[in-house]
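Colleague: In my numbering, the protein residues as written are 2 to 161. C-beta: ideal position from N, C-alpha, C; glycine also.
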């Protein structure tokens with residue numbers, strides 16, 4: 002059996018690259034105070050293990066994450082983080098929106114709309130993936146807030 006390669010340090014470096022050092026510190030510290038050791042396991046096993054495997058580019062892994070989290074539903078905080086991470090690694094808002102739209106026939110329109118609402122919220126925050134305001138929410142070319150849902154969290158036309 003081939004042993005899995007797990008690199009704890011690589012996991013922390015990758016997470017800092019994707020989410021930003023301040024986000025990592027605030028998120029991990031809070032979670033560690035609630036569940037000691039659990040955030041280290043997450044970072045080591047996922048970002049230092051699964052993410053380090055060959056065969057998929059980081060962008061492709063993010064598309065898979067967006068799809069899985071949208072399909073699961075009820076994990077909006079994690080989906081929000083992965084939308085931000087996707088922007089940070091260079092995905093455009095339009096690509097993120099298209100992932101959600103593409104999912105509709107597979108996971109259902111309500112789940113796709115819920116994913117679009119999360120993405121629209123990130124775009125409306127002006128998130129550009131770097132933790133600063135940017136133009137990622139420009140609905141004219143990105144399918145941002147105007148294309149994914151109205152300001153009150155409803156889909157266009159008032160659907161939820």
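With H, G and I counted as helix, E and B as strand and the rest as coil, what does DSSP make of residue 105?
Modeller: helix
Colleague: Take residue 13 and list the residues in its own chain whose beta-carbon comes closer than 8 Å to its own, dropping the five residues that flank it on each side.
Modeller: 25, 44, 48 and 49
Colleague: Are the beta-carbon atoms of residue 76 and residue 70 separated by less than 7 Å?
Modeller: yes
Colleague: If you draw a straight line from the alpha carbon of residue 54 to that of residue 64, how long is it in whole angstroms?
Modeller: If you take the alpha carbons of residue 54 and residue 64, they lie about 16 Å apart.
Colleague: By DSSP, does residue 20 sit in helix, in strand, or in coil?
Modeller: Helix, per DSSP.
Colleague: Within the same chain, show all residues whose beta-carbon is closer than 7 Å to that of residue 158, passing over the 5 residues directly before and after it, in chain order.
Modeller: Confidence at residue 158 is low in this model, with a pLDDT of 38, below 50, so its placement is unreliable and the value that follows should be read with caution. Contacts found: none.
Colleague: Is the beta carbon of residue 59 less than 7 Å from the beta carbon of residue 90?
Modeller: With respect to residue 90, residue 59 sits close: the two C-beta atoms are nearer than 7 Å.
Colleague: Can you give the Cα-Cα distance for residue 84 and residue 92, rounded to whole angstroms?
Modeller: 9 Å
Colleague: Would you decide whether residue 31 is buried or exposed? Buried here means 16 or more other CB atoms lie within 10 Å of its CB.
Modeller: exposed
Colleague: Going along the chain, which unbroken runs of the alpha helix (DSSP H) with 4 or more residues stay wholly within the segment 55 to 93?
Modeller: 59 to 73 and 77 to 89
Colleague: Using the three-state DSSP reduction, which class does residue 10 fall into: helix, strand or coil?
Modeller: helix
Colleague: One question on the structure: do residue 119 and residue 72 come within less than 7 Å of each other, judged by their Cβ atoms?
Modeller: no
Colleague: Between the alpha carbons of residue 104 and residue 121, how many angstroms are there, rounded?
Modeller: 16 Å
Colleague: With a CB to CB cut of under 7 Å and the five nearest residues on each side skipped, what residues in its chain are close to residue 6?
Modeller: 53
Colleague: At the level of alpha carbons, what is the spacing between residue 198 and residue 88?
Modeller: Residue 198 is absent from the model: the chain starts at 2 and stops at 161.
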